[in-house]
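Student: This structure is in C-alpha cells; I'll ask about it shortly.
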Amino acid sequence: MKLSSPTYHQMNKLSLNYRELFVEQKIGRFIYQSLPDLVAELIVLCIGSDRSTGDALGPIVGSLLTKRSHSRFFVYGTLEKPIHALNLVSQLDDIKQKHKNRFIIAIDACLGRSQSIGKITASTGPLKPGLAMNKKLPEVGDLNITGIVNVSSSMGYLTLQNTRLHLVTQQAKVISRALSYSEYLLTESKQISQ
C-alpha cells in the first residue's frame with residue numbers, strides 16, 4: 001500500500017532545479033509514487049560516457065548508488081562500466097534476460113534551453129537516449145530522469161565536452177539521493193502494510 005499524495009500521484013512529469021529546497025525529497029516521492037505495486041525487480045539504468053564531461057551524469061549517478069547498500073535496486077552503468085551508444089542494445093538484452101519482472105528507471109544527461117540548465121526532470125515513460133548526438137538508439141525505461149547539463153546546439157558533442165563537471169556532479173548527487181529517498185519510502189510502505 002502506497003502512502004497517498006495527490007500532489008505527486010497524478011503527475012506524470014516533475015521538473016525542478018537541482019538547487020531547490022527539498023529537491024531530493026520531491027523527486028524521490030515522485031519516483032516512489034510512479035512505481036507499480038507488484039514489481040519485483042527495480043532496475044536503475046544509468047546511461048552516458050565517462051569520456052565526456054556533460055555525458056557523465058548517468059555513470060556518476062550509477063557509481064554513487066553502488067557505494068550505498070541498495071537492496072531493492074539493480075544498478076547498471078557506472079564510471080567503471082558505462083552504458084553508452086555502443087553497448088546499450090546488448091546491455092538491454094542482458095537486463096531482459098536476467099530480470100523478467102522489471103521496472104526500469106533510466107537516467108541520462110540532456111541539453112536544453114539556457115534558462116533550463118540545472119533542472120532535473122523526472123517523468124513517466126521511456127527515455128530517448130542519444131538525441132543530442134543525433135543517434136538512433138532504442139527508447140528505454142518505464143520512468144526516466146534527466147539532468148539538463150548545457151545548452152542545446154547543433155554541435156552536441158562539443159557542447160557536452162565543454163560542460164562544467166561541477167554542475168554534472170551536483171545533479172548526480174541530487175538524483176542518487178532522490179533514488180535513495182524513494183527506496184526509503186518503499187521500505188517504509190512495505191513495513192506499514194505487513
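Anchor point for the sequence shown: position 100 equals 100 in the UniProt record's numbering, and the numbering is continuous, going up by one each time. Note that the Cβ used here is the ideal one computed from N, Cα and C, for glycine as well. Note that the structure is a prediction, hence the values are computed from the model and not measured.
1. Let me know the beta strand (DSSP E) ranges lying completely inside the region 49-122, each 3 residues or longer, listed in chain order.
2. Count the other CB atoms within 10 Å of the CB of Y32; is the residue buried (16 or more) or exposed (fewer)?
3. Leaving out the 5 sequence neighbours to the left and right, which residues in its chain are closer than 7 Å to V89 when beta-carbon positions are compared?
4. Would you identify the three-state DSSP class for S153, choosing helix, strand or coil?
5. Give every residue of the same chain whose Cβ lies closer than 6 Å to the Cβ of G54, excluding the five residues on either side of it in the sequence, and list them in chain order.
6. Can you name the start and end residues of the alpha helix (DSSP H) that V23 belongs to?
7. Tell me the rounded alpha-carbon separation between A178 and I27.
8. Contact check, G58 vs V75 under 8 Å by CB: the rounded distance?
9. Could you check which residue in I117, N101, E41 and L35 has the C-alpha nearest to that of N144?
10. Identify whether T187 lies in helix, strand or coil by the three-state DSSP scheme.
11. How should N40 be labelled, buried or exposed, when 16 other C-beta atoms within 10 angstroms of its C-beta is the threshold for buried?
12. Using the three-state DSSP reduction, which class does T163 fall into: helix, strand or coil?
13. Can you give me the C-alpha to C-alpha distance between F30 and T187, rounded to a whole angstrom?
14. Measuring only the C-alpha atoms, how far is L45 from P126?
15. Any idea what DSSP makes of L158, helix, strand or coil?
16. Suppose contacts are defined by Cβ-Cβ distances below 8 Å. Is I105 in contact with G141 by that definition?
Tutor: According to the structure shown:
1. 73-76 and 102-112
2. buried
3. P138
4. coil
5. A109, V149, N150, L160 and T163
6. V23 to S34
7. 6 Å
8. Actually they do not touch by this definition, with Cβ atoms about 11 Å apart.
9. L35
10. helix
11. The residue you asked about is not Asn; residue 40 is Ala in the sequence shown. Exposed, because fewer than 16 other Cβ atoms sit within 10 Å of the Cβ of A40.
12. coil
13. 15 Å
14. 11 Å
15. helix
16. yes
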